[in-house]
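Novice:
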Amino acid sequence: MYGFKLPVLLAPLLYAVGSTANEDVSVLSKETAKANNESLLWGPYKPNLYFGVRPRLPDSFFAGLMWAKVDDFVNAQQNFRHTCEQNEGMAGYGWDEYDIREGGRQTIHDAGNSIDLTIDFVKVPGGENGGNWGARIKGVPREDGYDDQPMSLVFYAGLEGEGNIEVANEGDDLGFTGDVNLKGSTPGLGGFSVDVTTGPESNQHPEHDHPTYEDKPLDHTLVASVTMPPGNVWQTKVMLFNLMKGEVGEAIKKYGAENPPPPAQVFTIRNAPGEGNLHYVQKVFKGAFEFDILFSSGSSPEPLTSDTLTKEIKTSSQSFSERFKKILAPQTPFNSPEYSEFSKAMFSNLVGGIGYFHGSDIVDRSAQPEYDEENEGFWEETEEARSRAKPVYEGPKELFTCIPSRPFFPRGFLWDEGFHLTPIVDWDIDLVLEIVKSWFSLMDEDGWIAREQIIGAEARSKVPPEFTVQYPHYANPPTLFLILESFMDKVSANKALSSKKTSEGAAEDIRSAYVQHPELGEEYIRTFYPLLKKHYFWYRNTQRGDIKTYDREAFSTKEAYRWRGRSLQHVLTSGLDDYPRAQPPHPGELHVDLISWMGMMTRSIRRIAEALGETDDAEEFAGYENAIERNIDDLHWDEDAQTFCDSTIDEYEESVHVCHKGYISIIPFLTGMVGPNSPRLKPTLDLIQDPKELWSDFGIRSLSKQDEFYGTDENYWRSPIWININYMVVKSLYDIATTTGPHQEQAREMYSQLRKNLVENVFREWKRTGFAFEQYNPDNGKGQRIQHFTGWTSMVVKMMSMPDLPAGEKSGHDEL
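FYI, in mature numbering (1 follows the signal peptide of the UniProt record, and there is no 0) the residues of the sequence shown are -21 to -1, 1 to 795.
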């Protein structure tokens, strides 16, 4: 497939960028941004739907698909699929292969409807406004289905804001026997057309002897056009059911409840094409079927056809396979076809779950004094204060982001995002930077970014009301700084590429322009540097802990941190929710995981300051970094327990450790605060490796088996295996195993075994169930909680692509 590239006329500039003037770099930056915008404009950016397409534009065009088996009256309505759900009889679904700039293939194994669907989606560049795109919809009855089972397919297209869209061709009174053509225009897309084809001659349609067959023959395509309030136009399934309800009522009225027409005829819309901001196109098939949806931009050199779509589907698949083999191919012992298929699917579902959200969110800006959490019993005070607060709608806002789970969490989560982007960094760094930029664009004037992004009414429809409000004193682990560190590593390692002058290099620019051309990367990071600083100091100011009041002894009297937003049983802001903490909560608490995250964040911004030549800032951050490293030891190391612990204040007003061995105990190691020669490394490795504590055959437990709270209450972060933290363990072990030091061999053995245990278990459950899961059981390895959790669980892709370390191999690691 021919991909999006930076303009050929700029090629001389691209490879002479090291000697260009600042204005030339600015031109290159603008052209790179333009090329990215074009190639990333369209996508299945409504990930809450099994198939929903939209551009990265607010108040614009959108399209989607619904379907159902319509062979009985009892189940027909509930059989209609639209939004991804956990309990709809799916035997697995998702993207088998997907590249966000080209397209891919999604398969849906709908056991409840006895149908397997294949949806090929590809983008064809040309002209402006993102070019054309097409989707081929195929359905085949499953083994438990039957050859002539009736299936109803409903495609819809609409507008959220300004513009127009209408049915442009004419059928007869009963419907359309040929293609259906929609035409429209919007301020952001210009003119466009959408063709819904009849498909090949092999398509068949149900036939019935009932007299209504003459009124509504099912070999016709039915089209209904409606006008809805812009704020409600996303409620497409509700409107579809309203349209069908009228037809059901008419059938009952005409023929009686004892002699209704067949369900395939009853559960249809009335053919009423015309104007409106939402248009439904319904087809009813018998047995296997196929048809195309062809979107053509008015600026494209030529409209998209089914023949072109056929070629592009094949080319896109070949391109994806070749690129995946080159960049993310699983390494020993996972270098087999079945693991390659698994890895492609996990990566594709991660990228295929990227969404674009716009609209308002809900924020409590009351800044009530109770939110400072300074008094004993503060959790009760804050709960009462929240009950009398009056949150406000803010926005409109927009966000381009990966999501954790299409059926359960179709929205943005701040600490998840750094993990999401880790497998994508090598594949498409420019895409990663677009997402990072989108997140930082949400920052308020104080430097706060909401930890959970519930933007727009459609996103809020998936969230209980008590969880929709965001609070400007709530933080989350700053994992986006891990991605910025990775970016800095890549820029440093690829400076020599700025002088490379090959056409192959130019073709790759759209995915790695900011790395191949260091000046471009520097401009990107320099543009964001003020925001990074503001965000960093927001953490320092709002999450600071208290050292002086309680006469704690530490290297620094300033470097201590405490998560705000704590309740009696939860610290949701930490990301570790119900992980055991001090009881009862106390304003003098200090959290070892948060100071560790602050250490990582400080290291990252210090490196950025150095790269930008901000020497005064770099010296300031280096001072903070050193103080944090010292204070992690002074405030959180427990000599008796031989581990890192939270700290609190006891009834005698003394500072004491609260030790619950588990993920928080090893966070200093996972964030790089415990180096290869640290005296704390050996006991940390031993804790991880001990099967009586954290080690299991399926991954590292979130809490020690010896802890009194192991497996209790919600048991969310109190025993289960989480892939994001386990990846951090694997990566940290690899770094130790490939760096000279006294514990190299132990780390190598742990790395090899843990990597194998984790990948094999997630793969085994994927094969058994058709899904990846939110977490895994430490006793039997079974996936549990949220199914189709293709967010950070997809980090197994990164683990598979990491090098194997045979016995005795201890050095020479590549950047991961």
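Even glycine gets a Cβ: it sits at the ideal position worked out from N, Cα and C.
Over the uninterrupted beta strand (DSSP E) stretch that includes residue 707, give me the two end residues.
Specialist: Taken as a continuous stretch (DSSP letters only), residue 707 belongs to no beta strand (DSSP E), being part of the alpha helix (DSSP H) at 702 to 716.
Novice: Could you have a look at residue 129 and say whether DSSP puts it in helix, strand or coil?
Specialist: Residue 129: strand per DSSP, three-state reduction.
Novice: Beta carbon of residue 391, beta carbon of residue 445: below 9 Å?
Specialist: No, they are not a contact pair.
Novice: Could you tell me which residues DSSP puts in a beta bridge with residue 641?
Specialist: 682
Novice: For residue 482, which residues of its own chain have a beta-carbon under 6 Å away from its beta-carbon, when the five flanking residues on both sides are left out?
Specialist: With a pLDDT of 37 at residue 482, under the threshold of 50, the modelled position of that residue is not reliable, and the figure given next carries that caveat. Taking C-beta separations shorter than 6 Å and ignoring five residues to either side along the sequence, residue 482 has no partners in its chain.
Novice: Could you check what DSSP says for residue 265 in three-state terms: helix, strand or coil?
Specialist: strand
Novice: Tell me which residue opens and which closes the beta strand (DSSP E) that residue 765 is part of.
Specialist: 762 to 766
Novice: Out of 32, 560 and 172, which has the shortest C-alpha to C-alpha gap to residue 548?
Specialist: 560
Novice: What are the residues that DSSP puts in a beta bridge with residue 143?
Specialist: 164
Novice: What three-state label does DSSP hand residue 234 in the structure shown?
Specialist: helix
Novice: According to DSSP, what are the bridge partners of residue 377?
Specialist: In the DSSP output, where bridge partners are listed per residue, residue 377 has 337.
Novice: Quick one, are the C-beta atoms of residue 79 and residue 97 less than 9 Å apart?
Specialist: no
Novice: Name the two residues that bound the continuous alpha helix (DSSP H) containing residue 514.
Specialist: 497 to 521
Novice: Starting from residue 98, trace the alpha helix (DSSP H) both ways and give me its first and last residue.
Specialist: First-last for residue 98: 94 to 103, but that is the beta strand (DSSP E), not the alpha helix (DSSP H).
Novice: Buried or exposed for residue 59, going by 16 or more other Cβ atoms inside 10 Å?
Specialist: A buried status is given to residue 59, since no fewer than 16 other beta-carbon atoms sit within 10 Å of its beta-carbon.
Novice: Could you check what DSSP says for residue 60 in three-state terms: helix, strand or coil?
Specialist: strand
Novice: Would you be able to state if there are at least three C-beta pairs under 8 Å between the region 62 to 75 and the region 14 to 29?
Specialist: yes
Novice: Could you say which of 386, 339 and 388 lies nearest to residue 421 if we only look at CA atoms?
Specialist: 339
Novice: Taking the alpha-carbon positions, what's the residue 418 to residue 411 distance?
Specialist: 11 Å
Novice: In angstroms, rounded to a whole number, what distance separates the CA positions of residue 413 and residue 379?
Specialist: 8 Å
Novice: Restricting to Cα atoms, I'd like to know which of 424, 349 and 281 is closest to residue 360.
Specialist: For the residues 424, 349 and 281, the minimum Cα distance to residue 360 belongs to 349.
Novice: Which term fits residue 478, buried or exposed, when burial requires 16 or more other beta carbons within 10 angstroms of its beta carbon?
Specialist: Confidence in residue 478 is poor, its pLDDT being 47 and thus under 50, which makes the residue's placement too unreliable to answer from.
Novice: Helix, strand or coil, according to DSSP, for residue 169 in the structure here?
Specialist: strand
Novice: Please list the terminal residues of the continuous alpha helix (DSSP H) segment that includes residue 408.
Specialist: 408 to 419
Novice: When you compare only the Cα positions, how much space is there between residue 407 and residue 490?
Specialist: 5 Å
Novice: Residue 571 lies in the beta strand (DSSP E); which residues open and close that run?
Specialist: Not the beta strand (DSSP E): residue 571 falls in the alpha helix (DSSP H), residues 571 to 590.
Novice: With a CB to CB cut of under 7 Å and the five nearest residues on each side skipped, what residues in its chain are close to residue 695?
Specialist: Within the same chain, residue 695 has close Cβ partners 556 and 557.
Novice: What three-state label does DSSP hand residue 800 in the structure shown?
Specialist: It is not possible to answer for residue 800, since the shown part of the chain is limited to -21 through 795.
Novice: Do the region 704 to 714 and the region 763 to 780 meet, that is, are 3 or more Cβ pairs less than 8 Å apart?
Specialist: yes
Novice: Tell me which residue opens and which closes the alpha helix (DSSP H) that residue 116 is part of.
Specialist: Here residue 116 belongs to no alpha helix (DSSP H); instead the beta strand (DSSP E) covers 111 to 120.
Novice: Report the rounded CA-to-CA distance for residue 679 versus residue 757, giving the unit in angstroms.
Specialist: Taking the straight line joining both Cα atoms gives about 8 Å.
Novice: Would DSSP call residue 134 helix, strand or coil?
Specialist: The answer is strand: DSSP assigns residue 134 an E or B state.
Novice: With residue 662 as the anchor, note down where its alpha helix (DSSP H) starts and where it stops.
Specialist: 660 to 668
Novice: On a CA-only basis, which of 187, 164, 73 and 91 is nearest residue 108? Give me that one, please.
Specialist: When each option's Cα is compared against that of residue 108, the closest is 164.
Novice: Are the region 394 to 409 and the region 358 to 375 touching by the rule of at least three beta carbon pairs closer than 8 Å?
Specialist: no
Novice: Quick check on the burial criterion: 16 or more other C-beta atoms within 10 angstroms. Buried or exposed for residue 314?
Specialist: exposed
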